[in-house]
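A.B. asks:
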Amino acid sequence: MSILASVHKIASSLIPRQGIEWRKFNENVTSAAGRIEASYGNWQSILAHVQPGIVSSFGGKNISEKDYKDLGFDFSHVFYTIWTDDTRLSSVAHQGSSDQIKIAGKIFNVIQVENWDEFNGWKRCYCEEVIA
Numbered sequence: 181m182s183i184l185a186s187v188h189k190i191a192s193s194l195i196p197r198q199g200i201e202w203r204k205f206n207e208n209v210t211s212a213a214g215r216i217e218a219s220y221g222n223w224q225s226i227l228a229h230v231q232p233g234i235v236s237s238f239g240g241k242n243i244s245e246k247d248y249k250d251l252g253f254d255f256s257h258v259f260y261t262i263w264t265d266d267t268r269l270s271s272v273a274h275q276g277s278s279d280q281i282k283i284a285g286k287i288f289n290v291i292q293v294e295n296w297d298e299f300n301g302w303k304r305c306y307c308e309e310v311i312a
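For reference, each letter of the sequence shown is one residue, going 181 to 312 in the numbering used here.
1. State the Cα-Cα distance for the pair I311 and E207, rounded to the nearest angstrom.
2. Using only the alpha-carbon positions, how far apart do L184 and F205 sit?
3. Go ahead and label S278 buried or exposed: buried means 16 or more other beta carbons lie within 10 angstroms of its beta carbon, across all protein chains shown.
4. Does DSSP put L184 in a helix, in a strand, or in coil?
5. Output needed for G221: all residues of its chain with C-beta closer than 7 Å, excluding positions within five of it in sequence on either side, in chain order.
6. Applying the criterion that 16 or more other CB atoms from any shown protein chain within 10 Å of the CB defines a buried residue, is L251 buried or exposed?
7. Can you name the start and end residues of the beta strand (DSSP E) that A228 belongs to?
8. For the beta strand (DSSP E) holding F205, just list the boundary residues, first then last.
9. My parser needs the alpha helix (DSSP H) runs of 4 or more residues fully inside the region 261-295; what are they?
10. Would you call the region 301-310 in contact with the region 259-267, where contact means no fewer than 3 C-beta pairs closer than 8 Å?
11. Hey, could you find the ends of the beta strand (DSSP E) R304 is sitting in?
12. Give the straight-line distance between the Cα atoms of K282 and E201, rounded to the nearest whole angstrom.
13. Would you kindly work out how many angstroms separate the C-alpha atoms of G301 and I226, rounded to a whole number?
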């Protein structure tokens with residue numbers, strides 16, 4: 181077992197997985213009003229480790245405000261980092277649309293997915309709250 185896999189196993193025991201909902205981005209469609217709107221699949225349950233903020237490593241601390249800005253993120257928005265072994269998640273795809281997750285009734289766009297599969301079998305996903 182690699183060092184990263186060992187660290188992930190320890191952190192997994194401290195941050196339990198929880199059920200969240202996910203829906204896949206299908207395509208952009210034109211509404212009757214002529215606006216481009218995202219079309220999604222049905223909500224499905226997945227298991228994930230959920231941490232508030234942008235977290236660079238599992239079980240780690242949130243990154244600094246400067247690092248948010250360096251990544252192109254708005255520090256005033258609400259973000260979550262999720263770790264999941266569900267392989268279906270994908271990030272911003274076509275014309276700014278992406279898969280979405282729902283945590284505690286709030287909807288988030290999956291804005292970045294990093295595949296850590298070769299190290300520990302998980303994906304790290306940064307998610308930003310959808311602001312109506």
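Idealized CB from N, CA, C, for every residue including glycine. Treat the numbers as computed from the prediction; the structure is a model and nothing was measured.
C.D. replies: In short:
1. What you label residue 311 is simply residue 131 of the sequence shown in a count that begins at 1. What you label residue 207 is simply residue 27 of the sequence shown in a count that begins at 1. Whole-angstrom Cα-Cα distance: 20 Å.
2. Taking the sequence shown and counting its residues from 1, the one referred to as residue 184 is at position 4. Taking the sequence shown and counting its residues from 1, the one referred to as residue 205 is at position 25. Unreliable placement is indicated for L184, whose pLDDT of 48 sits below 50; the coordinate value is still reported in the next sentence. Cα-Cα distance, rounded: 31 Å.
3. As a working note, residue 278 is residue 98 in the sequence shown. Classification for S278: buried.
4. As a first step, residue 184 must be located in the sequence shown, where it is residue number 4. Only weak support is given to the placement of L184: the predicted model assigns it a pLDDT of 48, under 50, and the value that follows is read from those uncertain coordinates. The answer is helix: DSSP assigns L184 an H, G or I state.
5. Reading the sequence shown from its first residue, position 41 is the one you call residue 221. Answer for G221: R203, K204, N206, listed in chain order.
6. For this step, residue 251 is matched to residue 71 along the sequence shown. When all chains shown are included, L251 counts as exposed.
7. Locating residue 228 in the sequence shown gives position 48, where the first residue counts as 1. From DSSP, the beta strand (DSSP E) with A228 extends over 224-232.
8. The residue you call residue 205 lines up with position 25 of the sequence shown. F205 -> beta strand (DSSP E) spans 205-210.
9. none
10. yes
11. Residue numbering aside, residue 304 sits at position 124 when the sequence shown is read from its first letter. First-last of the beta strand (DSSP E) with R304: 303-309.
12. One-based indexing of the sequence shown puts residue 282 at position 102. One-based indexing of the sequence shown puts residue 201 at position 21. Cα to Cα, the separation comes out at about 5 Å.
13. One-based indexing of the sequence shown puts residue 301 at position 121. One-based indexing of the sequence shown puts residue 226 at position 46. For G301 and I226, the distance between alpha carbons rounds to 15 Å.
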